[in-house]
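Numbering (the working numbering), first residue to last: 5 to 76.
Backbone N, C-alpha and C define an ideal beta-carbon position, used for all residues, glycine too.
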Ligand code: FES
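1. Suppose the cutoff is 7 Å on Cβ atoms and the five residues either side in sequence are ignored; what does the same chain contact list for residue 20 look like?
2. Within its chain, find whatever has a CB closer than 7 Å to the CB of residue 23; leave out the 5 residues flanking it on each side and keep chain order.
3. By Cβ distance below 6 Å, which residues in the same chain neighbour residue 46 in space, the five residues on each side in sequence not counted?
4. Looking at ligand 1, does it come within less than 7 Å of residue 76, judged from the CB to the closest heavy atom?
5. Please say whether residue 64 and residue 53 have beta carbons closer to each other than 8 Å?
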């Protein structure tokens, strides 16, 4: 199945963000992440940012949202 995109969508950068219900924000770069300590890291493939605030590896999701009762 072919998906049509508008001219304005074709001009957008190739950054995609998908919010997962009751879970993280999935990000597909390329993108540069600056963490809470000012460290920068370039990401080129899919990764997940924590939205629940309970991850032990913030800003990234570690799956804790599956056990802490986080809901949207
Ligand atoms: S959203 Fe997954 S650990 Fe917070």
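Based on what the coordinates show:
1. Here residue 20 is taken as the residue at index 16 of the chain shown, counted from 1. Within the same chain, residue 20 has close Cβ partners 32.
2. Working through the chain shown from its first residue, we reach residue 23 at position 19. Closer than 7 Å at Cβ, skipping near neighbours: 29.
3. Counting from 1 along the chain shown, the entry for residue 46 is found at position 42. Counting only Cβ-Cβ distances below 6 Å, and skipping sequence neighbours, we find 36.
4. If you number the chain shown from 1, residue 76 lands on position 72. Checking the Cβ of residue 76 against ligand 1 gives no.
5. Within the chain shown, numbered from 1, the residue matching residue 53 stands at position 49. Within the chain shown, numbered from 1, the residue matching residue 64 stands at position 60. Yes; because the gap between Cβ atoms is below 8 Å, this pair is in contact.
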